[in-house]
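Visitor: Residue numbers (my numbering): 30 to 358.
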Ligand SMILES: Cc1cc2nc3c(=O)[nH]c(=O)nc-3n(C[C@H](O)[C@H](O)[C@H](O)COP(=O)(O)OP(=O)(O)OC[C@H]3O[C@@H](n4cnc5c(N)ncnc54)[C@H](O)[C@@H]3O)c2cc1C
Ligand code: SF4
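What follows is the structure in structure tokens.
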């Protein structure tokens, strides 16, 4: 590990000021950043520890409805919040299926969206061709192991996927990322927050240098929602694929609206917009529901080693939809 300076600001303004310096890395829970420092993915001159900045660790109802979750709230505290449990259960489910209980006690919700791909070549401790680590060096996954890679939105330069579980739930909730800079801030739909390889390969999100996540905001409650994560073992494992679904139901049980997001299939949660449109007006157990989901996956374009993931993702989507709608899958 290369030596670096360390600072621990005590106000948000101090943190924003410090984060502006080039060569600075921000530390929250440290569960990702410390790995990057060890492997050499990040080589900062200075680490700015924002974990004790007050005001970013609260969960507050929004005046017009909805919920504001401070960026520094620990994953387990988000999942334990009674409002989240009642009105946005898909987020609670996704968090409970993330990492381990110990990690969730440290890991923060804002930084969870900033975790990097788990592509083994990207995380390699040996020099390996990886356009994301070293632009122009190539993509070892194209010739090597590509069984955890993309179904949608990849390019020849990079076929990696984003591994966050909460991001998938937040995409199905149409959540908003609220950011701050020393001079202002903005509101970014979570579905636009992470970048596909066709948009950028030298960065993962639209965050600019010096821009911090202040909070994540949830809108209208989505009590009928579910998260399904398929992984090699039932605990402490990243997803092969995952699916988050929210549904609104009419009085007669038909679907009034649905939002479907898939995880670990692209460099950001992948919304199945066409399927969402086709589901409106259907009873959850109507065979046309299966057809709508199948049609959505006809657009999947898996890399060779990941073709098996299509059937798994289709099944996860159907199971999440049925669970959200309260129908036995
Ligand atoms: C062994 C292991 C297993 C895991 N399994 C899963 C899993 O199954 N599912 C899953 O979803 N995740 C998983 N994770 C990822 C984990 O949830 C994330 O590492 C964690 O949420 C990141 O939060 P942190 O506070 O520790 O981030 P840090 O390591 O402190 O920071 C990560 C990045 O975010 C930046 N950052 C931090 N806070 C802010 C902010 N407010 N504004 C702007 N930038 C900021 C930092 O500069 C850094 O670049 C796993 C991690 C580990 C180590
Ligand atoms: S898939 Fe992306 S992250 Fe993995 S080796 Fe290729 S360029 Fe690097």
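The C-beta atom is built at its ideal place from N, Cα and C for all residues, glycine as well.
Identify which residue in 296, 145 and 169 has its Cα closest to the Cα of residue 220.
Guide: If we check each option's Cα against that of residue 220, 296 comes out closest.
Visitor: Starting from the C-beta of residue 119, find all residues in its chain whose C-beta is less than 8 angstroms away, skip the five residues before and the five after it, and write them out in chain order.
Guide: Once the five neighbours on either side are set aside, the close Cβ partners of residue 119 are 198, 201, 202, 251, 254, 255, 256, 273, 274, 275 and 353.
Visitor: Thinking C-alpha only, which one of 261, 316 and 321 is nearest residue 288?
Guide: Residue 288 has its Cα closest to that of 321, out of 261, 316 and 321.
Visitor: Is it true that the CB of residue 146 sits closer than 9 angstroms to the CB of residue 190?
Guide: A contact, by the Cβ cut-off of 9 angstroms.
Visitor: Could you please go through the chain and list the residues whose beta-carbon is closer than 6 angstroms to any non-hydrogen atom of ligand 2?
Guide: Those residues are 146, 148, 150, 151, 159, 160, 161, 168, 169, 170, 187, 188 and 189, given in chain order.
Visitor: Could you give the DSSP three-state label for residue 199: helix, strand or coil?
Guide: Looking at residue 199 - three-state DSSP - the assignment turns out to be helix.
Visitor: Does the beta-carbon distance from residue 270 to residue 180 come in below 9 angstroms?
Guide: Cβ atoms of residue 270 and residue 180: closer than 9 angstroms.
Visitor: So who's on the other strand from residue 6, going by DSSP bridges?
Guide: It is not possible to answer for residue 6, since the shown part of the chain is limited to 30 through 358.
Visitor: In chain order, what residues of the same chain lie with their CB nearer than 6 angstroms to the CB of residue 286, ignoring the 5 residues before and after it?
Guide: Only 277 meet the Cβ criterion.
Visitor: If I follow the unbroken beta strand (DSSP E) through residue 35, where does it start and stop?
Guide: Element bounds for residue 35: 34 to 36.
Visitor: Taking residue 17 as the reference, give the member of 144, 75, 79 and 92 with the closest Cα.
Guide: Any question about residue 17 goes unanswered here, given that the chain covers just 30 to 358.
Visitor: For residue 339, which residues of its own chain have a beta-carbon under 7 angstroms away from its beta-carbon, when the five flanking residues on both sides are left out?
Guide: Once the five neighbours on either side are set aside, the close Cβ partners of residue 339 are 180, 326, 329 and 331.
Visitor: Count the other C-beta atoms from every protein chain shown that fall within 10 angstroms of the C-beta of residue 116, then say buried if there are 16 or more, exposed otherwise.
Guide: Under this definition residue 116 is a buried residue.
Visitor: For residue 307, which residues in the same chain have their Cβ closer than 6 angstroms to its Cβ, ignoring the five residues on either side in sequence?
Guide: Around residue 307: 321.
Visitor: Using DSSP bridges, identify the partner residues of residue 256.
Guide: BP columns for residue 256 point to 273.
Visitor: Determine the extent of the beta strand (DSSP E) in which residue 287 is found, giving its start and end residues.
Guide: Element bounds for residue 287: 284 to 292.
Visitor: Taking just the CA atoms, how far does residue 108 sit from residue 126?
Guide: Straight-line Cα distance between these residues: approximately 11 angstroms.
Visitor: For residue 313, which of helix, strand or coil comes out of DSSP?
Guide: Here residue 313 sits in coil by DSSP.
Visitor: Is there contact here, the segment 77 to 84 with the segment 165 to 174, by at least three beta-carbon pairs under 8 angstroms?
Guide: Contact between the segment 77 to 84 and the segment 165 to 174 is absent, because fewer than three Cβ pairs lie under 8 angstroms.
Visitor: Determine the extent of the alpha helix (DSSP H) in which residue 209 is found, giving its start and end residues.
Guide: Unbroken run through residue 209 is the beta strand (DSSP E), 205 to 210; no alpha helix (DSSP H).
Visitor: Report whether the distance from the Cβ of residue 144 to the nearest heavy atom of ligand 1 is below 8 angstroms.
Guide: At least one heavy atom of ligand 1 is nearer than 8 angstroms to the Cβ of residue 144, so yes.
Visitor: Heavy atom of ligand 1 less than 8 angstroms from the Cβ of residue 79, yes or no?
Guide: Yes, the Cβ of residue 79 comes within 8 angstroms of a heavy atom of ligand 1.
Visitor: Comparing C-alpha positions only, which one of 258, 315, 279 and 356 sits nearest to residue 344?
Guide: Nearest option by C-alpha distance: 258.
Visitor: With 16 as the cutoff for other CB atoms within 10 Å, does residue 335 come out buried or exposed?
Guide: Label assigned to residue 335: buried.
Visitor: From the DSSP output, which residues share a beta bridge with residue 54?
Guide: Note: residue 54 sits in a beta bridge opposite 76.
Visitor: Going by the C-beta, is residue 261 closer than 8 angstroms to any heavy atom of ligand 1?
Guide: Incorrect: residue 261 has no Cβ contact closer than 8 angstroms to ligand 1.
Visitor: Which residues share a DSSP beta bridge with residue 278?
Guide: Bridge partners of residue 278: 284.
Visitor: Is it buried or exposed, residue 76, if we count other Cβ atoms within 10 angstroms and call 16 or more buried?
Guide: Buried: at least 16 other Cβ atoms inside 10 Å.
Visitor: State the Cα-Cα distance for the pair residue 209 and residue 177, rounded to the nearest angstrom.
Guide: Near 34 angstroms, if we compare the C-alpha coordinates of residue 177 and residue 209.
Visitor: Throw me the rounded Cβ distance for the residue 243 and residue 214 pair, which I believe falls under 8 angstroms.
Guide: Yes, they are in contact, since the Cβ atoms of residue 243 and residue 214 sit about 7 angstroms apart, within 8 angstroms.
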